[in-house]
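Since the structure comes first, as structure tokens, the remarks are kept for the end.
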Amino acid sequence: MQLNKKWKFLRLSIAAGLLATSGAVASAEPLKVAFVYLGPVKDGGWTQMHDEARQKLEKAMGDKIKTTFVENVPETADSERVFRQLAADGNKLIFATSFGYMEPLQKVSKVFPNVKFEHVNGFKTAPNIVVYEPRFEEGFYLIGTIAGQMTKTNTLGFIGSFPIPSVMRNIDSMTLGALAQNPKVTMKPIWVNTWYDPGKERQAAETLIAQGADNVGQNTDSPASIQVAQEKGTYAFSIDADMSSFGPKAQLTGTTEDWSGYYIAETKKVLDGSWTGNRHTRWGLKEGMVVMAPLNPVIPPAAVKVFEDTKAKIISGELKPFVGPISDNTGAVKVAAGTAMTDTDAAFNSVNWYVKGIEGSVPQ
Amino acid sequence: MNPIVPMIASTVVAATPLIYAALGETIVEKAGVLNLGIEGMMLIGAVAGFAATLATGSDTVGFMAAAGAGVALSLAFGFLTLNLQTNQVATGLALTLFGIGLSAFVGHNLAGTPLPPLPPIFIPGLSSIPIVGDLLFRYDIMVYLSLVLFAAVEWFLIKSHAGLTLRAIGESPSVAHAIGKSVLTTRYLAVMFGGACAGIAGAYLSLVQTPMWVEGMSAGKGWIALALVVFGTWKPARVVLGAYLFGGVTQFQLFAQGFGLPIPTEFLSMLPYAATVVVLVIICRDPKTILLNQPASLGISFHAAA
Numbered sequence: 014m015q016l017n018k019k020w021k022f023l024r025l026s027i028a029a030g031l032l033a034t035s036g037a038v039a040s041a042e043p044l045k046v047a048f049v050y051l052g053p054v055k056d057g058g059w060t061q062m063h064d065e066a067r068q069k070l071e072k073a074m075g076d077k078i079k080t081t082f083v084e085n086v087p088e089t090a091d092s093e094r095v096f097r098q099l100a101a102d103g104n105k106l107i108f109a110t111s112f113g114y115m116e117p118l119q120k121v122s123k124v125f126p127n128v129k130f131e132h133v134n135g136f137k138t139a140p141n142i143v144v145y146e147p148r149f150e151e152g153f154y155l156i157g158t159i160a161g162q163m164t165k166t167n168t169l170g171f172i173g174s175f176p177i178p179s180v181m182r183n184i185d186s187m188t189l190g191a192l193a194q195n196p197k198v199t200m201k202p203i204w205v206n207t208w209y210d211p212g213k214e215r216q217a218a219e220t221l222i223a224q225g226a227d228n229v230g231q232n233t234d235s236p237a238s239i240q241v242a243q244e245k246g247t248y249a250f251s252i253d254a255d256m257s258s259f260g261p262k263a264q265l266t267g268t269t270e271d272w273s274g275y276y277i278a279e280t281k282k283v284l285d286g287s288w289t290g291n292r293h294t295r296w297g298l299k300e301g302m303v304v305m306a307p308l309n310p311v312i313p314p315a316a317v318k319v320f321e322d323t324k325a326k327i328i329s330g331e332l333k334p335f336v337g338p339i340s341d342n343t344g345a346v347k348v349a350a351g352t353a354m355t356d357t358d359a360a361f362n363s364v365n366w367y368v369k370g371i372e373g374s375v376p377q
Numbered sequence: 169m170n171p172i173v174p175m176i177a178s179t180v181v182a183a184t185p186l187i188y189a190a191l192g193e194t195i196v197e198k199a200g201v202l203n204l205g206i207e208g209m210m211l212i213g214a215v216a217g218f219a220a221t222l223a224t225g226s227d228t229v230g231f232m233a234a235a236g237a238g239v240a241l242s243l244a245f246g247f248l249t250l251n252l253q254t255n256q257v258a259t260g261l262a263l264t265l266f267g268i269g270l271s272a273f274v275g276h277n278l279a280g281t282p283l284p285p286l287p288p289i290f291i292p293g294l295s296s297i298p299i300v301g302d303l304l305f306r307y308d309i310m311v312y313l314s315l316v317l318f319a320a321v322e323w324f325l326i327k328s329h330a331g332l333t334l335r336a337i338g339e340s341p342s343v344a345h346a347i348g349k350s351v352l353t354t355r356y357l358a359v360m361f362g363g364a365c366a367g368i369a370g371a372y373l374s375l376v377q378t379p380m381w382v383e384g385m386s387a388g389k390g391w392i393a394l395a396l397v398v399f400g401t402w403k404p405a406r407v408v409l410g411a412y413l414f415g416g417v418t419q420f421q422l423f424a425q426g427f428g429l430p431i432p433t434e435f436l437s438m439l440p441y442a443a444t445v446v447v448l449v450i451i452c453r454d455p456k457t458i459l460l461n462q463p464a465s466l467g468i469s470f471h472a473a474a
């Protein structure tokens, strides 16, 4: 891991050195675009999706750009070093693909005002930092649509990582999507307090299934819960990537991301000079940043039709996942009838309540 | 469905890799060597076992490859600490870092490949007994072998002559050396045994518990195994008890959450660690027992006087 990174740096610096000596001769240099990844490129999830988009970007833009990436960059002071190095090596557009890079980016962006930074899922922008984020809640609402129709026990489960607003929105929207199809469902959440621990995720999935949940969603990173569902004959939903190879019978669908459209659009903006800072972009199903994993053939055609209709309504804007009336599971009204909570509302970014239908109380 | 039976079943599965790793380390430490590299050896075992099973389709080959990979890494540790007499703590930590990096490097192309799970062994007749059959006779073979390993380690340490020699070397290597015992050979064998056990523990993760390879999949279990050895005061029975306790409380806290008990999840997540430490400390509270069981020369390099 460490070696790998060092080797990349070595290659990077050699490349930079070569460019520096030959730069005087070449007239139109390609735009250098860099990607910083939290995990390995073959993680089967989050980072892999970013890297696939990087490859699509390279294909789409040809020799107008040159991309590099650094993988396994921890969300610590280490990342600051990586960002500095990449900027110093002449990269003009840098995609930082994890939430935890937020503070290091703030520092580095001030030192390199001519480098453009793109930060996923963050909330701090700057004249040379923009933020981009998928509308995960749309994907989770559709997962709920399927789960609500497929459950026989009327009990759903959810393996949560940390009870932060962006994850709370996912469990809430999955529950709302399920309730819209089946008002009898209840949702059992289990928080594992980690993004990634296959063993613990497995135990959580086993517990939920033992307690009667036959459709389990997740906001953790490994395919463990899909494997458990495959063994026990229940259903599960993938996140970030299509994980159906880990449980072809178990995975009904899932929410995945395709970042390539956004990466291509932003790179074009830099090339034609129309890129501006201080923006916050949220793309969903409509823009193709949120993509549903293939539907399992076991889902009956009627349920598929509901799914497709709901998806079409979300894309057209007719349906918003958080449309009122929505009350939390203590009975307090959170979204009034006739209104919808969207990502421009302050409340959207501080969701810390369970919708009606979720058991238990929110961990504080 | 009665939720208690599956809960106990997942406890057993969660505890099994800890048992392998911790029993291996017990032998290593009883010989007076402190190997902090369990986490690294587990990861190497996990990736080697996964790759071998993927290539041959045989779990047996996978576990053997994992044990072999663990031994190979432990030999590096043995050479450094036993021959070159480097600091055992620093070398062990280096071994963990090395194992994490090497396993990620070797397994780069294996991530995201699924593997069919090891089928449980259903002992005919016994496994169909209601409840008892579900509780006792429906595990994979490695669960039963972990109990065999426990019995073997217990017997070896207490009843066998070789075990007595090993303990003597852990207490006072110079005395053992003076009466003609080979400290180096015994310690090498102990370190290799620890490596093999850690490798198997790692393969249990990548072949049985979650049949897949992902970087860093041991998620700190090597450190928990290490702690179990100390809190279990180097007694195999207590080490195994600690492993089941840890697995059980982890399972219980998830179960409690699923029932919607109003307890903060951060507290529940801490519970397995706290409960295991508290229980083992209470069992082993007598300082005399600790002193008696702790190998006197643990972590100290031995240099035979010419």
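Chains as they are written, first to last, in my numbering: chain E, 14 to 377; chain S, 169 to 474. We treat Cβ as the ideally placed atom computed from N, Cα and C, and that holds for glycine. Keep in mind it's a predicted model, so treat the numbers as computed, not measured.
Looking at the DSSP output, F153 (chain E) bridges to nothing. Between the alpha carbons of L169 (chain E) and E270 (chain E) lies a gap of roughly 23 Å. Chain-order list of chain S residues neighbouring E372 (chain E): G428, by C-beta distance under 7 Å. Counting C-beta pairs with one atom in each stretch, the region 152–169 of chain E and the region 185–195 of chain E have three or more that are closer than 8 Å, which means they touch. With a threshold of 8 Å between beta carbons, K262 (chain E) makes no contact with chain S. Residues of chain E whose Cβ lies closer than 9 Å to the Cβ of E193 (chain S) do not exist; the shortest such Cβ separation is about 19 Å. Boundaries cannot be given for V198 (chain E), as no beta strand (DSSP E) includes it and DSSP labels it neither H nor E. Burial state of H63 (chain E) is buried, judged by a 10 Å Cβ sphere holding 16 or more other Cβ atoms. Contact annotation for G260 (chain S) against chain E: no contact, minimum CB-CB distance about 18 Å [criterion: below 7 Å].
Here DSSP, grouped into helix, strand and coil, assigns V83 (chain E) to strand. For F423 (chain S), the nearest beta carbon of chain E is closer than 8 Å to its own beta carbon. Membership of V133 (chain E) in the beta strand (DSSP E) is indicated by the continuous run 129–133.
Look at S363 (chain E) here: in three-state DSSP terms it is helix.
Sixteen is the threshold: since fewer than 16 other Cβ atoms of the shown chains lie within 10 Å of the Cβ of S363 (chain E), the residue is exposed.
Listed in chain order, the positions of the region 39–60 of chain E with a beta carbon within less than 9 Å of a beta carbon of chain S are G52, P53, V54, K55, D56, G57, G58.
Contact between F108 (chain E) and F48 (chain E) holds: CB atoms are separated by about 5 Å, below the 8 Å threshold.
Close to chain S, meaning a Cβ-Cβ distance shorter than 9 Å, are the following residues of the region 208–224 of chain E: Y209, D210, P211, G212, K213, E214, R215, Q216, A217, E219, T220, L221, I222, A223, Q224.
DSSP assignment within the region 218–246 of chain E yields the following whole alpha helix (DSSP H) runs of 4 residues or more, N-terminal first: 237–245. Counting every other CB atom within 10 Å of its CB across the protein chains shown gives A177 (chain S) a total of 16 or more, marking it as buried.
Interface annotation, E207 (chain S): not in contact with chain E, CB-CB separation never under 8 Å.
Taken in chain order, the members of the region 229–245 of chain E whose beta-carbon sits within less than 7 Å of a beta-carbon on chain S are S235, P236, A237, Q240, E244. Scanning chain E for C-beta atoms nearer than 8 Å to the C-beta of L373 (chain S) yields P211, G212, reported in chain order. As summarised for the region 45–109 of chain E, the continuous beta strand (DSSP E) elements at least 3 residues long and confined to that stretch are 78–83, 106–109, given in chain order. Beta-bridge annotation (DSSP): A249 (chain E) is paired with E:V229, E:Q264. From the listed residues E:F335, E:F112, E:G246, E:P261, the smallest Cα separation to A353 (chain E) is found for E:F335. For a cut-off of 8 Å, the C-beta gap from G428 (chain S) to G373 (chain E) is around 3 Å, short enough to register as a contact. Among the residues of chain S, those whose CB is under 7 Å from the CB of W204 (chain E) are Q425, T433, following chain order. For P379 (chain S), the nearest beta carbon of chain E is closer than 8 Å to its own beta carbon. Around G275 (chain S), the same chain offers V215, W381 as residues with beta carbons nearer than 6 Å, after the five sequence neighbours per side are excluded. Counting along the chain, the unbroken alpha helix (DSSP H) around I176 (chain S) starts and ends at 172–198. Sequence-distant Cβ neighbours of F130 (chain E) in its own chain, meaning closer than 7 Å and more than five residues away, are I107, A109, L118, S122, N141, I142. Assignment of Y145 (chain E) by DSSP, reduced to helix, strand and coil, places it in the strand class. For V229 (chain S), the uninterrupted alpha helix (DSSP H) run begins and ends at 227–246, by DSSP. Per the DSSP secondary-structure output, A353 (chain E) pairs in a beta bridge with E:V336. In the assembly as shown, W296 (chain E) is a buried residue. Its beta-carbon has 16 or more other beta-carbons within 10 Å. Taking the Cα positions, F361 (chain E) is about 10 Å away from M181 (chain E).
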